[in-house]
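In what follows, a single structure is set out as structure tokens and then discussed.
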Amino acid sequence: MTQLTLVVAIDAQRGIGVNNQLPWHLPEDLAHFKRVTLGHPIIMGRKTFDSIGRPLPKRRNIVITRNAGWTHEGVDVVNSLEAAIALVGEEPASIIGGAQIFAEALPLADRMIVTEIAHTFACDTFFPEPPAGAWKETARETHHSDTNGFDFAYVTYERAT
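Spelled out as structure tokens, the structure:
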């Protein structure tokens with residue numbers, strides 16, 4: 075089975091977005107996201123794709139949508155998370171959002187790479203609460219954003235066995 079990693083940035087209230095956009099500007103996290111996902115398939119919902127606006131380079135972009143007529147150049151389109159996972163085969167893949175896709179993928183994922191931002195933003199979309207005891211923290215790298223003045227951490231969680 076393919077290794078699935080959820081890659082997400084969350085605020086102190088588990089917020090991930092507002093009006094289909096990131097509520098913060100954190101260049102360090104964008105660079106981190108690129109390092110983590112480069113060279114591997116990324117799986118996302120159509121709204122997440124729309125918020126990005128284009129296929130991300132040097133990654134196979136797989137978009138999940140219920141709209142059978144939706145297409146975009148440079149993107150593989152599927153109608154379910156299961157179809158997306160089948161498409162990547164044995165290759166490790168990253169799930170990059172949004173909230174509905176994260177909720178569906180959470181029980182299937184092996185790992186989460188979470189940027190935890192020590193600040194609360196006005197969000198209308200949230201990352202689902204993982205079940206207690208299902209995950210263990212395996213790495214934490216703390217940072218301070220000179221751009222924004224708040225602290226954040228790159229945290230890796232592995233599924234608890």
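Sequence positions in the sequence shown follow my numbering and run 75 to 235.
Beta carbons are placed, not taken as given, at the ideal position from N, Cα and C, and that holds for glycine.
Start-to-end residues for the alpha helix (DSSP H) that takes in residue i
i	result
E165	Run containing E165: none; DSSP gives neither H nor E here.
H106	101-111
R214	No alpha helix (DSSP H) contains R214, which is instead part of the beta strand (DSSP E) from 209-218.
T230	Where T230 is concerned, there is no enclosing alpha helix (DSSP H), although the beta strand (DSSP E) it sits in stretches over 225-233.
R120	120-126
E178	173-179
Boundaries of the beta strand (DSSP E) in which residue i is found, first to last residue
i	result
R133	Here R133 belongs to no beta strand (DSSP E), and DSSP marks it neither H nor E.
E190	185-191
Cβ distance (whole Å) where residue i is taken to contact residue j below 8 Å
i	j	result
T216	T230	At roughly 13 Å, the Cβ-Cβ gap does not stay under 8 Å, so T216 and T230 are not in contact.
V81	T111	6 Å
A167	I138	Not confirmed; about 12 Å, so no contact.
Where residue i falls, given that 16 or more other Cβ within 10 Å makes a residue buried
i	result
D104	Before going on, a small fix: residue 104 reads as Leu here, not Asp. Label assigned to L104: exposed.
S154	exposed
H218	exposed
T199	buried
D85	buried
A179	buried
Rounded C-alpha distance that separates residue i from residue j
i	j	result
P204	D184	13 Å
N141	R120	9 Å
P97	T122	14 Å
V188	R88	10 Å
A83	V152	24 Å
T79	E190	16 Å
G163	N94	29 Å
P101	I126	15 Å
For residue i, the three-state DSSP class (helix, strand or coil)
i	result
D150	strand
L155	helix
G91	strand
R170	It should be pointed out that residue 170 corresponds to Ile in this sequence rather than to Arg. Note: I170 maps to coil in three-state DSSP.
L78	strand
T145	coil
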